[in-house]
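Chains as they are written, first to last, in this note's numbering: chain C, 1 to 250; chain D, 1 to 233. Just so it is clear, CB atoms sit at the ideal spot from N, CA and C, and this is done for glycine as well.
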């Protein structure tokens, strides 16, 4: 079974060929880590799955991206609807300047769900799933901007979970956090994969090793190797992958 | 050169020294036995402490690199292999020490016909060749040499399997040397075990070179399909 798939993806920013012939599949309830040096195209690739690159004026795509079998770049596809089903967590926590409660409830409200009981239940469930409930349950009306960076990041994850996404995309979600907050996010990712499919971009190779089931190594817009994480970190099939992960690159 | 590379090269050099030390211990144990040289036996026993301290140092260096530098892929395989090779070399060192101790405690020199009749020189030759060949395989990444180690171990096993009847016959014909022949039997077992430890080392070398685990059942498969070097991208 396949949750998401990229088939023969080519991306250009103007004349710059950013992604070259990339094909990858993502199985349900797995974590896939995308690794590679800066500028290799891994974030561009990640952002294809919620059509965030569409916002860039000279962006051009060839190939097929499907989520749950649906071509998310088809002419009939509605971008807002696609994004509702795909959660995104960024490098820096970006809570809305609202209360903790309203941050999580936001996705529901946008979807027209305002029933108090439903919203309450969803907020609690999402905060519990994001391992934040016990820390904020008595302060739900407090501003999201007043909690710590690590808590803000877990709040952003709770916000993504509230709409029960089909896919969760994470772009270096722990790179701005201290080791304790990072460990909490990693534990959380490990728990979340029981219910969700996760693609994560990370520069932290140890983190990729700790949390992912599969790892894809990108270099200069190409996907050099995609395999089980144990295989990549014990016996990579490609010399470039080995040079990168052992720090002998360049 | 990175800090990790420097540490790995140093570790490799230390392991090669350990290998040479154990090889030298085994050669001295052989000469001790053949010549009844008790002074050399003392030297082997004194050097045993050096083997032990080398083992500890290599273990500790491996632990430190794993702990502090998060090695992966070929570096991780190298370190895991070094840990196990180090253990196996130390065990072979123990056998050399035990052989020297046996000679040291012998009341009289061993008759040549008993040593040769029990095929001890032949077993020493194979075991020592295995130590040297395994070291060469490690230093040069030579997969052909690894394959030959398994064949040599089979030769040792074959001799060992014949030893029950050989020693029984020798005891029957040399009643005055029963004690020596019992010691000879013990030495034969140690040489056979030394071969087993080199086979373990060979398996670790395969894991280091190719990330393939050939222990136990998979060993048979490997023997039928000798290793080839992986293709480069």
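Asked: Sufficient close CB pairs (3 or more, under 8 Å) joining the region 7-20 of chain D to the region 53-62 of chain C; Found: no
Asked: Per-residue burial, residue 233/C [other beta carbons within 10 Å of its own, 16 or more giving buried]; Found: buried
Asked: C-beta atoms of residue 170/C and residue 201/C nearer than 9 Å; Found: yes
Asked: Same chain, Cβ closer than 7 Å to residue 79/D, neighbours up to 5 away in sequence not counted; Found: 62, 65, 66 and 71
Asked: 6 Å CB neighbourhood of residue 4/D in its chain, flanking five on each side removed; Found: 69
Asked: Simplified DSSP assignment, three categories, for residue 21/C; Found: strand
Asked: Neighbouring residues, chain D, relative to residue 253/C (Cβ below 7 Å); Found: Residue 253/C lies beyond the residue range present for chain C, which begins at 1 and ends at 250; the question has no answer from this structure.
Asked: Residue environment, residue 206/C, which counts as buried when at least 16 other CB atoms sit within 10 Å; Found: exposed
Asked: Enclosing beta strand (DSSP E) for residue 12/D [first to last residue]; Found: Where residue 12/D is concerned, there is no enclosing beta strand (DSSP E), although the alpha helix (DSSP H) it sits in stretches over 3-35.
Asked: Beta-carbon contacts of residue 174/C that lie in its chain and below 6 Å, excluding the five residues immediately before and after; Found: 182 and 185
Asked: Chain D within 9 Å of residue 179/C, Cβ atoms only; Found: no
Asked: CB contact flag (residue 247/D, residue 126/D, <9 Å); Found: Absent from the structure is residue 247/D, since the part of chain D shown begins at 1 and ends at 233.
Asked: 9 Å Cβ cutoff, residue 77/D in contact with chain C; Found: yes
Asked: Contacts that residue 211/D makes with chain C (C-beta to C-beta distance below 8 Å); Found: 234 and 235
Asked: Distance cut-off 8 Å: residue 209/D Cβ against heavy atoms of the ligand ADP; Found: The model depicted lacks the ligand ADP and carries no ligand whatsoever.
Asked: DSSP three-state assignment for residue 213/C, whether helix, strand or coil; Found: coil
Asked: Contacts around residue 19/C, its chain only, beta-carbon distance under 7 Å, and the 5 residues preceding and following it disregarded; Found: 9, 10, 11, 41, 44, 45 and 221
Asked: Residue 47/D - containing alpha helix (DSSP H), residue span; Found: 38-69
Asked: Distance between residue 15/D and residue 59/D (C-alpha atoms, nearest Å); Found: 10 Å
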